[in-house]
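Presented below is the structure to which this report refers.
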Ligand SMILES: [Cu+2]
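Protein chains in written order, with the numbering used here: chain A, 7 to 583; chain B, 88 to 282.
Structure (structure tokens):
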């Protein structure tokens, strides 16, 4: 297809043009990375507060509790609890994971891995970050308004999220900030899709793209199609709150005619289910690549992996109803959604098998990115399998809205995506900042995180199976749940340990970015994709000469290689016997 | 949107701009499609439409809006033809300003539509039916505002245009957006006011 060679633009000289209002996709990627890591911290602290309330109900939150909740003597009050789980979900999904995986690594990797000098629309790219920034500021501001932040959960179901359920401006600001973030995502998505179609280096067909790019591309397509659907729902909800329209009011709250609260659920999940894949597809792509890179073998069935990711993308648009089995849907419809949902297991199983095929008999190097990638394989397997029970109508009726659901989506969306983020950060660190992070501490970080998150999310599935409902301030007022307090305490301790382990990561990261003297080589991991053919860190123009691609991204361990390397660059002719 | 590498490969730049605009229009279509989905749900659930005790408004002002916007699509097309043929600059600018005028007139006619609604007691908060009428026209009009901004950019660029690829991309793709809003309005007109 169309190939477009971009100019080398002048090197930005001032601080403002270099680090703040920059057109350089690599710097924009780093901006998104810092933005995401900041919100990861905020969302993480909120998670710990939620866990505290569940493990030690009625006890003052340590250290800062007295200062934050003076009225209750430091105990987290019920309304704050609702705000906490709402904002935790919102922040983690939209302001931490999305900016890191899609904003940071999407921006950083796409041009470098397809051999381009920048995104095709650098201005839109810059605007995309600043829209996200403004949106983040509004969201943070909403924490401090009278009556507090949004408290209708990240799904913002009416009538909880209308003025009936949430008076005060917190929920309104929540809607506005999400809408602005939607504009940012859509802008980014248009940019990503067009860049990948038009700026691939000469010789690079779609199946010569690394699977990372496949994942990011499919994610961008889903973003462009489904974020506007959420936008429509948010606008109507905003009108309900600000201008008094009646879209989602029903019963006594609506004076004449009647709105339909369940309609919002439909609109939300038409977006919401693809959103799950928006988050996970880039991680899948990265893991598919890294498993091959660190097993020193070509990716097993790379084409099939790409195609099954594509078919999951298509299928993901047809299954949203599985979030709504308990809304008195017609059984005909629930059966249909169930069948379609189960169909997703087929392509999932294909690429999961391909992952295993890739590491099978490989000479695996357990560097930190590989450890995290294997972690993704493990937790995603668990998360995916538990999804079957929620996609099945009969079991879902029991498990709906319990902690089993919370455990399940944390395994898929939180654990595997988070581990994917870490894998990517450790892996591309030298290309981004020119240094490698400390391997020893990276491994310590991995193992503690891995045990911590399995403790947390496995525990959640256990208590959920035991019947503990989500979003309840103090579930233990119900007698049958009292015996679950010890498991909840265990979950909380796991969460605290996992949280503390992240300090290791932050120190390691900050040290590598700002203080480490020892520079990384151009290709420390010995892999052949295009970004490793240039210096570390990547120069502002990326490629002096636009590379010509002659083989696929996973040419490792070829027995015919005579160069003394066990891999070949994508710019080299495939070595044959 | 500014390209990296402004002056090379004009043909490829054209393709890239077209791809981007197509994706953008898909996004906008999804936004409006979701709104229409909502409309269908309310409509199907209602026992009668418009709901009990709610009048329809006269088609006069909505027709006026339709006229303005359809005419503006036509004049934009004339402008585009004049641009591609590099005809007399005065003629080209004339069509552009004519389009702009009709765009502004559309805003005025929408105000009249709202006035007509209010005079019938169809206030925003009077129920789902007037809520739909208001919300749909608001959202469409907000996009029209975006479209007008694009027309103003063109009005600023065109007197000095060298018919460069980047100018041509603007003319073509802003036009697509403008016609898209025309089509959305026609759908809204039929669905909200006629049916
Ligand atoms: Cu789903």
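Note that CB positions come from ideal geometry on N, CA and C, so glycine has one too.
Any non-hydrogen atom of ligand 1 closer than 6 Å to residue i Cβ
i: residue 272 of chain A; result: no
i: residue 279 of chain A; result: yes
Inter-residue Cα distance where the pair is residue i and residue j
i: residue 173 of chain B; j: residue 190 of chain A; result: 36 Å
i: residue 261 of chain B; j: residue 238 of chain B; result: 8 Å
i: residue 480 of chain A; j: residue 243 of chain A; result: 29 Å
i: residue 7 of chain A; j: residue 208 of chain A; result: With a pLDDT of 38 at residue 7 of chain A, under the threshold of 50, the predicted position of this residue should be treated as unreliable, though the coordinate-derived value follows. Roughly 9 Å between the two C-alpha positions.
i: residue 366 of chain A; j: residue 234 of chain A; result: 42 Å
i: residue 225 of chain A; j: residue 70 of chain A; result: 39 Å
i: residue 503 of chain A; j: residue 85 of chain A; result: 27 Å
i: residue 265 of chain A; j: residue 141 of chain B; result: 15 Å
i: residue 216 of chain A; j: residue 139 of chain B; result: 59 Å
i: residue 236 of chain A; j: residue 469 of chain A; result: 32 Å
i: residue 169 of chain B; j: residue 109 of chain B; result: 24 Å
i: residue 42 of chain A; j: residue 485 of chain A; result: 40 Å
i: residue 447 of chain A; j: residue 457 of chain A; result: 15 Å
i: residue 184 of chain B; j: residue 152 of chain B; result: 18 Å
i: residue 129 of chain A; j: residue 441 of chain A; result: 29 Å
i: residue 356 of chain A; j: residue 20 of chain A; result: 50 Å
i: residue 89 of chain B; j: residue 96 of chain B; result: A caution first: residue 89 of chain B carries a pLDDT of 42, below 50, which makes its placement in the model unreliable, though a value can still be read off. Approximately 14 Å, taken between the alpha carbons.
i: residue 345 of chain A; j: residue 351 of chain A; result: 10 Å
i: residue 585 of chain A; j: residue 574 of chain A; result: A query on residue 585 of chain A cannot be resolved here, the shown segment of chain A reaching from 7 to 583 and no further.
i: residue 163 of chain A; j: residue 250 of chain A; result: 17 Å
i: residue 121 of chain A; j: residue 103 of chain B; result: 17 Å
i: residue 239 of chain A; j: residue 131 of chain B; result: 19 Å
i: residue 64 of chain A; j: residue 508 of chain A; result: 27 Å
i: residue 94 of chain B; j: residue 498 of chain A; result: For residue 94 of chain B, the pLDDT reaches just 44, beneath the cut-off of 50, and the residue's location in the model is therefore unreliable, leaving the point undetermined.
i: residue 637 of chain A; j: residue 44 of chain A; result: Past the boundaries of the shown model lies residue 637 of chain A; chain A is included only from 7 to 583, so the question cannot be answered.
i: residue 59 of chain B; j: residue 256 of chain B; result: Past the edges of chain B, shown from 88 to 282, lies residue 59 of chain B, and the structure says nothing about it.
i: residue 516 of chain A; j: residue 35 of chain A; result: 16 Å
i: residue 336 of chain A; j: residue 235 of chain B; result: 45 Å
i: residue 211 of chain A; j: residue 519 of chain A; result: 35 Å
i: residue 576 of chain A; j: residue 506 of chain A; result: 40 Å
i: residue 249 of chain B; j: residue 110 of chain A; result: 38 Å
Simplified DSSP assignment, three categories, for residue i
i: residue 580 of chain A; result: coil
i: residue 92 of chain B; result: Legend: pLDDT at residue 92 of chain B = 44, less than 50; position of this residue unreliable, no value from coordinates given.
i: residue 252 of chain A; result: coil
i: residue 562 of chain A; result: strand
i: residue 573 of chain A; result: strand
i: residue 568 of chain A; result: coil
i: residue 168 of chain A; result: coil
i: residue 92 of chain A; result: helix
i: residue 408 of chain A; result: strand
Cβ-based neighbour list, residue i, same chain, cut-off 6 Å, excluding 5 preceding and 5 following
i: residue 59 of chain A; result: 82, 87
i: residue 214 of chain A; result: 555, 558
i: residue 159 of chain B; result: 186, 189, 190
i: residue 570 of chain A; result: none
i: residue 284 of chain A; result: 225, 228, 229
i: residue 253 of chain B; result: none
Spatial neighbours of residue i in its chain, beta-carbon cut-off 7 Å, leaving aside the 5 residues before and after
i: residue 192 of chain B; result: 155
i: residue 323 of chain A; result: 280
i: residue 450 of chain A; result: 510
i: residue 398 of chain A; result: 344
i: residue 533 of chain A; result: 299, 573
Cut-off 8 Å between Cβ atoms - residues of its own chain near residue i, not counting five sequence neighbours on either side
i: residue 122 of chain B; result: 222, 223, 226
i: residue 49 of chain A; result: 93, 94, 97, 98, 101, 102
i: residue 244 of chain B; result: 254, 257
i: residue 278 of chain A; result: 161, 236, 326, 329
* the segment 425-438 of chain A contacting the segment 530-544 of chain A, beta-carbon criterion three pairs below 8 Å -> yes
* To do: Check whether the segment 415-433 of chain A touches the segment 369-382 of chain A, taking contact to mean three or more Cβ pairs, one atom from each stretch, closer than 8 Å.
  => yes
* With a cut-off of 8 Å, do at least 3 Cβ pairs link the segment 197-206 of chain A to the segment 136-149 of chain A? -> no
* To do: Would you be able to state if there are at least three C-beta pairs under 8 Å between the segment 173-184 of chain A and the segment 151-160 of chain A?
  => yes
* Asked: Any chance the segment 359-378 of chain A sits against the segment 299-318 of chain A, with 3 or more Cβ pairs inside 8 Å?
  -> yes
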